[in-house]
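Numbering (our numbering), first residue to last: 139 to 204. See below for the structure under consideration.
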Amino acid sequence: MSLLDLLDVADMLVHWRFFIGIGITALLCGLVVLVAPSATLAWAICVPLCLAGLFLSFRWQSQAGD
Numbered sequence: 139m140s141l142l143d144l145l146d147v148a149d150m151l152v153h154w155r156f157f158i159g160i161g162i163t164a165l166l167c168g169l170v171v172l173v174a175p176s177a178t179l180a181w182a183i184c185v186p187l188c189l190a191g192l193f194l195s196f197r198w199q200s201q202a203g204d
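Structure below.
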């Protein structure tokens, strides 16, 4: 992996699509924490939700190709 490839990945992480995806993911995790009856259940739901949200945000940005 060259330095230019790393710069392309870093460039994708600063676009608005990535931040919108992270914001929506954080909002959903916050709602889960408020609604979940126990902290264990909240963690069990939030961890996969956050990982999926980060992956989908990155994928959305990489497919846009700005």
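Note that beta-carbon positions come from the ideal geometry of N, C-alpha and C, so glycine has one too.
Suppose contacts are defined by Cβ-Cβ distances below 8 Å. Is residue i in contact with residue j by that definition?
i           : j           : result
residue 174 : residue 183 : yes
residue 168 : residue 195 : no
residue 199 : residue 153 : yes
Excluding the five sequence neighbours on either side, which residues of its own chain have a C-beta within less than 8 Å of the C-beta of residue i, listed in chain order?
i           : result
residue 170 : 180, 183, 184, 187
Cutting at 6 Å between CB atoms, please list the residues of its own chain near residue i, excluding the five before and the five after it.
i           : result
residue 192 : none
Handout entry: Minimum length 4: unbroken alpha helix (DSSP H) runs contained in the stretch 145-191
Key = As far as the stretch 145-191 is concerned, its whole alpha helix (DSSP H) runs of at least 4 residues are 154-173.
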